[in-house]
Amino acid sequence: MFRALKEKLKQLRDKVDSVGEKVSAFAGGEVVISAEKVEEILDELEIALLESDVAFEVVSEIREKLKNSLSGRRKKIGESLYKIVESELKSTLLEILERNQFDFDEFVSRRLKEKRPLNVIFVGVNGTGKTTTIAKVAKRLMDKYSLVIAAGDTFRAGAIEQIEEHAKRLGIRLIKHNPGSDPAAVIFDAIKHAESRGIEIVLADTAGRMHTKKNLLDQLEKIKRVTKPDLVIFVDESIAGNDAVERARMFNEMIGIDG
Numbered sequence: 003m004f005r006a007l008k009e010k011l012k013q014l015r016d017k018v019d020s021v022g023e024k025v026s027a028f029a030g031g032e033v034v035i036s037a038e039k040v041e042e043i044l045d046e047l048e049i050a051l052l053e054s055d056v057a058f059e060v061v062s063e064i065r066e067k068l069k070n071s072l073s074g075r076r077k078k079i080g081e082s083l084y085k086i087v088e089s090e091l092k093s094t095l096l097e098i099l100e101r102n103q104f105d106f107d108e109f110v111s112r113r114l115k116e117k118r119p120l121n122v123i124f125v126g127v128n129g130t131g132k133t134t135t136i137a138k139v140a141k142r143l144m145d146k147y148s149l150v151i152a153a154g155d156t157f158r159a160g161a162i163e164q165i166e167e168h169a170k171r172l173g174i175r176l177i178k179h180n181p182g183s184d185p186a187a188v189i190f191d192a193i194k195h196a197e198s199r200g201i202e203i204v205l206a207d208t209a210g211r212m213h214t215k216k217n218l219l220d221q222l223e224k225i226k227r228v229t230k231p232d233l234v235i236f237v238d239e240s241i242a243g244n245d246a247v248e249r250a251r252m253f254n255e256m257i258g259i260d261g
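The sequence shown: position 207 = 209 (my numbering), numbered continuously.
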């Protein structure tokens, strides 16, 4: 999504600066950016954002914020209007992206003071990198905490072997059952293993499933009911753009996710 947006903004540069040449000059070598010209710019920007798969409600918010910050603003003659728009757009995007951020490290530290082990389950659609994400999270945590990994994807061919290889490279114990086993039982056993050995964190893999497959989502509900996770993390690809948002929304409605 961001790569596509970057390309669209490059194409927008000449159009924005051509609009900037039409604004009226003021004494002191400055020009004012009129509301009319801002609307021209925002029309082009809105198309670029939508074509880059940015959610419509986000585009509307960006447009409103830029309209308020650009309308009536003065700029020096010769100053690139595109640079001004680009700077304001970056600030707006950062503000939106940083909103309601979740401090994972703080959560782990705080929750471990309340209960052990901490049970973290990773969910998502097929082929979006859940298993690799678990390995990355394990690598991040292993210097501070003791870990065990649960091979809860018992259905995808090669899934157990894949996460087993990650666990072996990291030097972390893997709890696994035979292919086709009940994933809730695998994760439950990993939790009991952690409890008996004083291990602090359980990271649990699950099989990928499309958000439209209710029977598979029902299985995730069983996993949640049996294992009572402290955190359910939804994993998707950033390149999926607005589709990832819709999938996350559906997963949240069906089973509840934390991030």
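Yeah, the Cβ is synthetic: ideal placement off N, Cα and C, and Gly gets one too.
DSSP three-state assignment for residue i, whether helix, strand or coil
i, result
"A250", "helix"
"I235", "strand"
"F157", "coil"
"K78", "strand"
"N70", "helix"
"E23", "Summary for E23: the model assigns pLDDT 48, below 50, so the residue's position carries little reliability; its value from the coordinates is reported in the next sentence. Looking at E23 - three-state DSSP - the assignment turns out to be coil, as it is neither helix nor strand."
"V139", "helix"
"R113", "helix"
"V127", "coil"
"V87", "helix"
"N244", "helix"
Cβ-Cβ distance between residue i and residue j below 8 Å
i, j, result
"K206", "F124", "Note that residue 206 corresponds to Ala in the displayed sequence, not to Lys. Contact: yes."
"I177", "A192", "yes"
"G210", "N128", "yes"
"V204", "V150", "yes"
"G261", "F104", "yes"
"V56", "N244", "yes"
Cβ shell of residue i (< 8 Å), same chain only, five flanking positions each side left out
i, result
"E239", "T130, G131 and A246"
"E32", "R76, K77, K78 and I79"
"K141", "L172"
Cutoff 7 Å; reference residue i; Cβ partners in own chain excluding five residues on either side
i, result
"P181", "T156 and I162"
Cut-off 6 Å between Cβ atoms - residues of its own chain near residue i, not counting five sequence neighbours on either side
i, result
"A159", "none"
"R2", "In the structure as shown, the chain begins at 3 and stops at 261. Residue 2 is therefore absent and cannot be evaluated."
"M212", "V127"
Distance between beta carbons of residue j and residue i, contact taken as under 8 Å
i, j, result
"E166", "A152", "Not quite, the Cβ-Cβ distance comes to about 12 Å (not below 8 Å), so this is no contact."
"E223", "I257", "5 Å"
Residue i beta carbon near the ligand HEM (any heavy atom closer than 7 Å)
i, result
"E42", "With respect to the ligand HEM, the structure offers nothing, as it holds no ligand at all."
- Message: Count Cβ pairs between the region 81–88 and the region 165–180 that sit closer than 8 Å; are there 3 or more?
- Response: Contact fails: fewer than three Cβ-Cβ distances are below 8 Å.
| said: For the region 112–121 against the region 58–74, do three or more pairs of beta-carbon atoms, one drawn from each stretch, fall closer than 8 Å, so that the two count as touching? | reply: The answer is no - the region 58–74 does not touch the region 112–121, with fewer than three Cβ pairs under 8 Å.
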